[in-house]
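Novice: Taking our numbering, the leading residue of the sequence shown gets 39, the next gets one more, and so forth. Where is the CB? At the ideal position from N, CA and C, for every residue including glycine. The structure's right below; bear with me while I get my questions together.
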Amino acid sequence: MASAENPQEAARIHVAASDARRLAEDILKGNGVSAENAAIVARCLVAADLRGVDTHGMNRIPSYVERIRQGVLDAAAQPSVAHITPVVAQVDGHNGFGFVAAHAGMAAAIEAARVYGIGLAGVKHSNHFGMSAWVVQQALDADMMSLVFTNSSPALPPWGGRSKLMGVSPIACGAPGKGPMPGFILDMAPSVAARGKIYKAKRRGEKIPSDWALDAQGRSTDDPEAALGGVMLPMGGPKGSALSIMMDVFSGVLSGSAFAGHVTGPYDPSKPPDVGHFLVAIKPDLFMSLDEFRERMQYLYDRVVGSEKAAGVDRIYFPGEIEQLAQQERE
């Protein structure tokens with residue numbers, strides 16, 4: 039129950055995950071999405087909210103519905119999968135939901151990895167697929183390691199530049215753990231902050247930290263509106279810029295999708311975005327048994343979280359652990 043001493047908390051509506059999924063499915067089906075695909079999209083959106091990644095959850099539904107009605111997102115599209123080699127698949131999303139195309143791509147990669155140890159899929163003509171961690175989780179559920187790359191619309195300048203060219207494209211990967219230890223899930227943008235956080239601040243009428251972005255004149259800003267009209271700042275300077283270019287190489291150039299600044303933005307109704315993804319699944323028992331791999335992951339986890347803490351630090355977390363704890367609390 040919300041505390042009366044916290045008005046913001048009191049104003050929140052808490053909905054069971056199952057009810058949220060059902061609501062999302064009903065909205066999507068009412069806008070031409072098949073029951074099977076609506077279930078995939080709803081599951082991924084609610085997974086983001088459960089993990090505390092609220093910028094990529096249920097709040098995205100209105101924009102998706104609007105894009106369907108604008109004709110730049112095909113609600114009825116079904117991805118097609120072509121097997122190029124026994125371990126390589128190419129998925130054409132046909133401008134449907136990115137969740138559905140990525141799900142098909144990772145499923146194909148997992149299927150190949152079960153037989154050959156590794157599988158990969160390039161996805162073209164797709165859309166935004168939300169939180170990358172859900173694709174990593176799809177692989178973890180199959181006891182697979184994974185690499186999950188995507189590109190996105192221009193938001194970052196190349197290092198030294200002043201104009202948007204590269205996307206704030208998340209880098210994600212994962213590996214299964216042991217028992218209660220969270221599996222390793224890395225999901226991070228190559229920018230100081232994810233662009234979704236700026237959209238969230240704009241919706242809420244909030245300021246943003248001044249080191250997240252520059253306005254159109256190249257000045258630091260705490261105004262989300264000005265930030266969206268300017269450029270995001272890469273994390274680590276040239277390193278973040280280089281990582282965003284790497285995402286475009288694998289997800290855009292290689293996949294056959296748009297790249298080099300030609301991915302259309304998620305709120306641009308002029309044409310389909312043509313987002314690309316690059317997905318890899320790897321069997322963790324290629325060089326040892328799965329049990330031994332899990333034991334080694336447990337040892338790594340114990341070493342990381344048991345490290346000597348710096349001054350003022352209460353706890354050290356493994357990548358993905360904070361989100362897993364949020365999910366346990368929200369479920």
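#1: Please report how far the alpha carbon of L158 lies from the alpha carbon of Q255, in whole angstroms.
#2: Determine the contact status of K240 and T93, defining contact as a CB-CB distance below 7 Å.
#3: Can you tell me the Cα-Cα spacing of A177 and S293, whole angstroms?
#4: May I have a chain-ordered list of the alpha helix (DSSP H) segments no shorter than 4 residues that lie completely inside the segment 300-348?
#5: Please report the distance separating the alpha-carbon of A142 from that of G350.
#6: Which same chain residues end up closer than 6 Å to A85 when comparing Cβ atoms and leaving out the 5 residues on each side of it in sequence?
#7: Along the beta strand (DSSP E) that carries K162, what are the first and last residues, could you check?
#8: Can you look up P45 in the DSSP assignment and give me helix, strand or coil?
#9: Within a Cβ cutoff of 6 Å, which residues of the same chain sit near V71, ignoring the five residues on either side of it in sequence?
#10: When burial is assigned at 16 or more other CB atoms within 10 Å of the CB, is F325 buried or exposed?
#11: With DSSP as the reference, label P228 as helix, strand or coil.
#12: In whole angstroms, give me the CA-to-CA distance for G410 and W197.
#13: Give me the Cα-Cα distance between F331 and D181, rounded to the nearest whole angstrom.
#14: Could you check the C-alpha separation between P311 and K67 for me, to the nearest Å?
#15: Have a look at V153 and G131 and give me their C-alpha separation to the nearest angstrom.
#16: DSSP on P192, reduced to helix/strand/coil?
#17: Using only alpha-carbon positions, find the residue among S184, S170, A76, D179 that is nearest to A147.
#18: According to DSSP, is F356 helix, strand or coil?
#19: Closer than 7 Å by C-beta to Q362: which residues in its own chain qualify, once you throw out the five before and the five after it? Chain order, please.
#20: If you run the structure through DSSP and keep just helix, strand and coil, what is A210?
#21: Going by beta carbon distance, what residues of the same chain come within less than 6 Å of S118, once the five residues before and after it are set aside?
#22: Buried or exposed: where does P100 fall if 16 or more other Cβ atoms within 10 Å of its Cβ makes it buried?
#23: Would you mind stating whether S282 and S207 have Cβ atoms separated by less than 7 Å?
#24: For G155, which residues of its own chain have a beta-carbon under 8 Å away from its beta-carbon, when the five flanking residues on both sides are left out?
#25: Using DSSP with H/G/I as helix, E/B as strand and the rest coil, what is D261?
#26: What are the complete beta strand (DSSP E) segments, minimum 3 residues, inside the segment 82-116?
#27: Rounded C-beta distance between N165 and S289? I'm assuming under 8 Å.
#28: Let's see if you can read the secondary structure: which residues bound the beta strand (DSSP E) around Q128?
Specialist: The structure says:
#1: 42 Å
#2: no
#3: Distance between the alpha carbons of A177 and S293: 20 Å.
#4: 328-343
#5: 45 Å
#6: W172
#7: 156-164
#8: Its pLDDT being 49, under 50, P45 is placed unreliably by the model, and the measurement read from it follows with that caveat. P45 falls in the helix class under three-state DSSP.
#9: A113
#10: exposed
#11: coil
#12: Outside the shown range of the chain, which is 39 to 369, sits residue 410, and nothing can be said about it.
#13: Between the alpha carbons of F331 and D181 lies a distance of about 11 Å.
#14: 22 Å
#15: 25 Å
#16: strand
#17: S184
#18: coil
#19: P220
#20: strand
#21: D130
#22: exposed
#23: Result yes, Cβ atoms of S282 and S207 sit closer than 7 Å.
#24: I320, K321, L324
#25: It is coil, neither helix nor strand.
#26: none
#27: In fact, because the Cβ distance is near 13 Å, the residues do not count as touching under 8 Å.
#28: 126-130
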